[in-house]
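Those letters in the sequence shown? Residues 77 to 256, by my numbering. Here a beta-carbon is modelled for each residue, glycine too, at the ideal position from N, C-alpha and C.
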Amino acid sequence: MRSFIPRSEHLKHKRKKRRREWWPYFFAAMVIAILVRLYALEPYDVSGDSMQKNINSSDLVMINKFIYHFTKPTPNEVIVFQATKESKYIKRVIAVAGQTVEAENNKILVDGDLIEEPYLNSSSRTTDFNLVEVPAGHVFVLGDNRMESRDSRHIGTVSLDQIIGRAELIYWPLGDMKFL
Numbered sequence: 077m078r079s080f081i082p083r084s085e086h087l088k089h090k091r092k093k094r095r096r097e098w099w100p101y102f103f104a105a106m107v108i109a110i111l112v113r114l115y116a117l118e119p120y121d122v123s124g125d126s127m128q129k130n131i132n133s134s135d136l137v138m139i140n141k142f143i144y145h146f147t148k149p150t151p152n153e154v155i156v157f158q159a160t161k162e163s164k165y166i167k168r169v170i171a172v173a174g175q176t177v178e179a180e181n182n183k184i185l186v187d188g189d190l191i192e193e194p195y196l197n198s199s200s201r202t203t204d205f206n207l208v209e210v211p212a213g214h215v216f217v218l219g220d221n222r223m224e225s226r227d228s229r230h231i232g233t234v235s236l237d238q239i240i241g242r243a244e245l246i247y248w249p250l251g252d253m254k255f256l
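This is the structure we're talking about:
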């Protein structure tokens, strides 16, 4: 003979069973999200005008932390690095290890050749600086808004160990969303 189970008890049992079914998926999703955040992607809140016109203060940028485990930064990539214990900077790579860089008459020369910088404002000015040879394991970085930027002209070349990752995407504000 079948025992009678009240409808409310039956529904309670069904809900519990459903909860047990989705719990592992929720847990797996949380673990994956944490691993992605720790090792692959990191949000960065831009503070300051050193990368204007391309990246503005208060923009939220997604950093690819994984890429430089397999490759090294290349010129024109926008990177985020640990400048001091408290400060992260976002700048553009201008020269890499083994290259020389200098500024003359508002122009940047890498290995003696003038580089094109379409990302700069037409009004942007670069103060002259003497020839710098980028040592092994380092990059030379500049902000796109040169007059407002604290970069390799002031802090020296940036060690690859200081680099957190490559800026990939401005994701906030939504109206300014774009890949870098």
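For residue i: DSSP bridge partner residues
i	result
Lys254	Ile246
Asp121	Leu136
Val112	DSSP, once it has assigned bridges, lists no residue as partnering Val112.
Ser235	His214
8 angstroms Cβ shell around residue i - same chain, five flanking residues per side excluded
i	result
Asn221	Asp125, Ser126, Met127, Gln128, Lys129, Asn197, Ser200
Tyr115	Lys141, Phe142
Gly213	Ala173, Ser235, Leu236, Asp237
Leu218	Lys167, Arg168, Ile170, Ile184, Thr202, Ser225, Asp227, Ser228, Arg229
Asn132	Val122, Asp125, Asp252
Residue i versus residue j - alpha carbon distance
i	j	result
Arg229	Ala159	13 angstroms
Trp248	Thr233	29 angstroms
Ile155	Trp99	38 angstroms
Asp227	Val210	14 angstroms
Ser123	Glu97	44 angstroms
Ile108	Lys161	28 angstroms
Asp204	Val177	11 angstroms
Leu111	Pro151	29 angstroms
Leu190	Thr202	13 angstroms
Met223	Lys254	24 angstroms
Leu117	Ala243	10 angstroms
Asn181	Pro119	37 angstroms
Glu193	Ile139	22 angstroms
Lys164	Val137	13 angstroms
Glu153	Tyr144	12 angstroms
Own chain residues within Cβ distance below 7 angstroms of residue i, not counting five before or after
i	result
Asp252	Asp135, Ile246
Asp187	Gln175, Thr176
Phe216	Ile170, Ala171, Val177, Val208, Val210, Ser228, Thr233
Close Cβ partners of residue i (< 6 angstroms) along its chain, the five nearest in sequence each way excluded
i	result
Tyr195	Asn130, Asp220
Bounding residues of the beta strand (DSSP E) (the contiguous stretch that carries residue i)
i	result
His214	214 to 218
Asn206	205 to 209
Arg168	164 to 172
Glu178	176 to 180
Ile155	154 to 158
Start-to-end residues for the alpha helix (DSSP H) that takes in residue i
i	result
Ile231	228 to 231
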